[in-house]
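**Q**
In our numbering, the protein residues as written are 974 to 1078.
#1: Between which two residues does the alpha helix (DSSP H) harbouring residue 1021 extend?
#2: Express the C-alpha separation of residue 1066 and residue 1059 in angstroms, rounding to a whole number.
#3: Take the Cβ of residue 1038 as the centre, count every other Cβ of all protein chains shown within 10 Å, and call the residue buried at 16 or more, exposed below.
#4: Go ahead and pull the three-state DSSP assignment for residue 1024.
#5: Taking the straight line between their C-alpha atoms, what separation do you get for residue 1024 and residue 1010?
#6: Quick one: is residue 1000 buried, meaning 16 or more other Cβ sit within 10 Å of its Cβ, or exposed?
#7: At which residues does the alpha helix (DSSP H) containing residue 1074 begin and terminate?
Written as structure tokens, this is what we have:
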């Protein structure tokens, strides 16, 4: 658990630049609208089911925050242009970090 929690926190931090712009009313389940981000989030959500309960809740919250922030960023042309690369990098990092739990990205 100690190895995964910092990664969930780091994942949430990558979304922080966009959190100030994210309206709380949007549903977390809506897609981002950027294929790389939507694929990453789907794979990360599938991985959550393999985690212990308390960790699952923490990571699920981070995923919701990322989705909301990225969806908001996708609404801005300049921010949207950076999202494919950011989401691809995040997927590569999480693939390495969560491979031991049997997660596929």
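For each residue, glycine too, the CB sits at the ideal point set by N, CA and C.
**A** From the atom records:
#1: Run containing residue 1021: 1008–1021, per the alpha helix (DSSP H) assignment.
#2: Near 11 Å, if we compare the C-alpha coordinates of residue 1066 and residue 1059.
#3: So residue 1038 ends up on the buried side.
#4: Correct three-state label for residue 1024: coil.
#5: Rounded to the nearest angstrom, the two C-alpha atoms are 21 Å apart.
#6: For residue 1000, the predicted model reports a pLDDT of 48, less than 50, meaning its position is unreliable; a value from the coordinates is still stated below. Exposed, because fewer than 16 other Cβ atoms sit within 10 Å of the Cβ of residue 1000.
#7: For residue 1074, there is no enclosing alpha helix (DSSP H), as DSSP gives it neither H nor E.
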